[in-house]
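Here's the structure we're looking at; comments come further down.
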Amino acid sequence: MIDEVREPVLSQEYLVRFGRQSETVRCFGTEDAIPQRGDQVIVQTDRGERLATIMQKLPQPIFEESEANPQAILIRTASAEDMQREQELRQKADQEFGIWQERIDEWQVAVELVDLEWTHDGVRLLLYVLNDRGPECTKLALMTAAKGLGVVEVVPLSSNGIAAEKKSGGGCGSGGCGH
């Protein structure tokens, strides 16, 4: 999905912050758009379009283009319509919070719902739950899919923010041994 947006030369690099559970990532943009610190922008992430805030423009070059692995692509500066849409999606999420708590209780999933958020494009719902990545998060994801509730992603949180993926077992070089 990011590759589709990436066709223009992405020569500017920024740090941006987005999401209710505040993620800060590297973001690439073209020279056409030159946002300043604090500007609101729409970025494409692996989870879909998100409203983000520019934290800072990074000095050039940090990486060669072949080494670059952007976590977000700057699509455009946020418009008044984008800001209105974000407010509407926030209200929708607030209204759905109790419904999702009831579902989690009914399905007997051992996670605590902390927050939920719609991506800016309205395609994906992110459920932020207090839990490590593991069987209960998988159970919740499977239940939402089985019930046909749309594109829902379970995002586990720890005391340090979004829970990191656990390393898998395997031989040397697989990351399973921690090396």
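Following numbering that gives the first Met the number 0, the residues of the sequence shown are numbered contiguously, the last one being 178. All residues carry an ideal CB built from backbone N, CA and C; glycine is no exception.
Helix, strand or coil at residue i according to DSSP, with G and I counted as helix
| i | result |
| --- | --- |
| residue 155 | strand |
| residue 57 | coil |
| residue 118 | coil |
| residue 124 | strand |
| residue 139 | helix |
| residue 109 | coil |
Endpoints, the alpha helix (DSSP H) within which residue i is located
| i | result |
| --- | --- |
| residue 131 | Per DSSP, residue 131 belongs to no alpha helix (DSSP H) and is neither H nor E. |
| residue 98 | 79-105 |
Residue i to residue j span [Cα, whole Å]
| i | j | result |
| --- | --- | --- |
| residue 57 | residue 11 | 8 Å |
| residue 107 | residue 70 | 34 Å |
| residue 114 | residue 128 | 7 Å |
| residue 138 | residue 123 | 18 Å |
| residue 116 | residue 88 | 8 Å |
| residue 55 | residue 146 | 42 Å |
| residue 151 | residue 52 | 24 Å |
| residue 73 | residue 39 | 11 Å |
| residue 95 | residue 126 | 11 Å |
| residue 17 | residue 105 | 31 Å |
| residue 149 | residue 157 | 25 Å |
| residue 153 | residue 81 | 25 Å |
| residue 110 | residue 142 | 13 Å |
| residue 133 | residue 85 | 31 Å |
| residue 28 | residue 83 | 23 Å |
| residue 26 | residue 42 | 8 Å |
Distance cut-off 6 Å: residue i Cβ against heavy atoms of the ligand COA
| i | result |
| --- | --- |
| residue 105 | Annotation note on the ligand COA: not contained in the displayed structure, which lists no ligands. |
Residue i, enclosing beta strand (DSSP E) - first and last residue
| i | result |
| --- | --- |
| residue 75 | 71-76 |
| residue 28 | 22-28 |
| residue 41 | 39-44 |
| residue 11 | 11-17 |
Assigned exposure category for residue i - 16 Cβ within 10 Å defines buried
| i | result |
| --- | --- |
| residue 98 | exposed |
| residue 77 | buried |
| residue 48 | buried |
| residue 34 | buried |
| residue 46 | buried |
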